[in-house]
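Each residue of the sequence shown is one higher than the one before, starting from 6 at the first, in the working numbering. Structure record follows, encoded as structure tokens.
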Amino acid sequence: MTPAAFFQQAKDDGVIPLGAELQSSFQFGVAANELAQLVLKGVKTATASAYDLYEAEEPLPAFGAYDVILDEQNQPVGIIKNDAVTIEQYLDVNAQHAYEEGEGDRSLAYWRHVHHDFFTAAYHEEGKVFRENQAQIVLEKFHLVYPQ
């Protein structure tokens, strides 16, 4: 099923308002299936992305927007709605956000370790250098709306 069809199914089921629009569809990080399952279980309610890696014409995530979460086979598994979107310096990401991301032991130390590695690789792919003391991070808080 395509993300658009999955989103329409949620509308048809009365879970999402008929006038709502799909912001995007995406996989979480390098362990898409594992992270998607954390969302479906209600453990993962936040995510982070590198502000510097958004394309000029690519919109930033928006408050109140809906996104379809994909598994490793690009199949839709859930729909989330953004409750908050902020931009912070990498070094200012706090323990509460790390906990809400739901990964590993949910500590800030774990978050910094895995995200440092992830962002370093992502910046490298774009021909850039990740610098902890300069990087801006887009922080999203969300909740699962479909399936319920």
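Just so you know, even glycine gets a beta-carbon here, dropped at the ideal spot from N, CA and C. For clarity, every value in this text was computed on a predicted model and none was experimentally measured.
Smallest Cα separation from residue i: which of the options?
i             : options                        : result
histidine 148 : Ala103, Tyr128, Leu75, Thr52   : Thr52
leucine 40    : His118, Glu108, Arg136, Glu145 : Glu108
glutamate 77  : Asp18, Gln139, Phe33, Arg136   : Phe33
arginine 111  : Met6, Gly19, Leu43, Ala25      : Leu43
glutamine 139 : Met6, Ala25, Leu113, Ile92     : Ile92
Leaving out five residues on either side along the sequence, give the residues of the same chain with a beta carbon under 8 Å from the beta carbon of residue i.
i          : result
leucine 58 : Ala127, Tyr128, Glu131, Lys133
Under 7 Å Cβ to Cβ from residue i, same chain only, skipping five residues before and after it: list those, please.
i         : result
valine 73 : Pro8, Phe11, Phe12, Leu27, Ser30, Pro81, Ile84
Ends of the alpha helix (DSSP H) at residue i?
i             : result
lysine 16     : 8–17
asparagine 38 : 37–45
For residue i, which residues of its own chain have a beta-carbon under 6 Å away from its beta-carbon, when the five flanking residues on both sides are left out?
i                : result
phenylalanine 68 : Asn87, Val90
tyrosine 115     : Gly109
alanine 70       : Gln28, Asn87
If residue i sits next to residue j, beta carbons under 8 Å apart, how far is it from one beta carbon to the other, in whole angstroms?
i                 : j           : result
phenylalanine 123 : valine 48   : With a Cβ gap of about 19 Å, phenylalanine 123 and valine 48 do not count as contacting.
isoleucine 142    : tyrosine 95 : 5 Å
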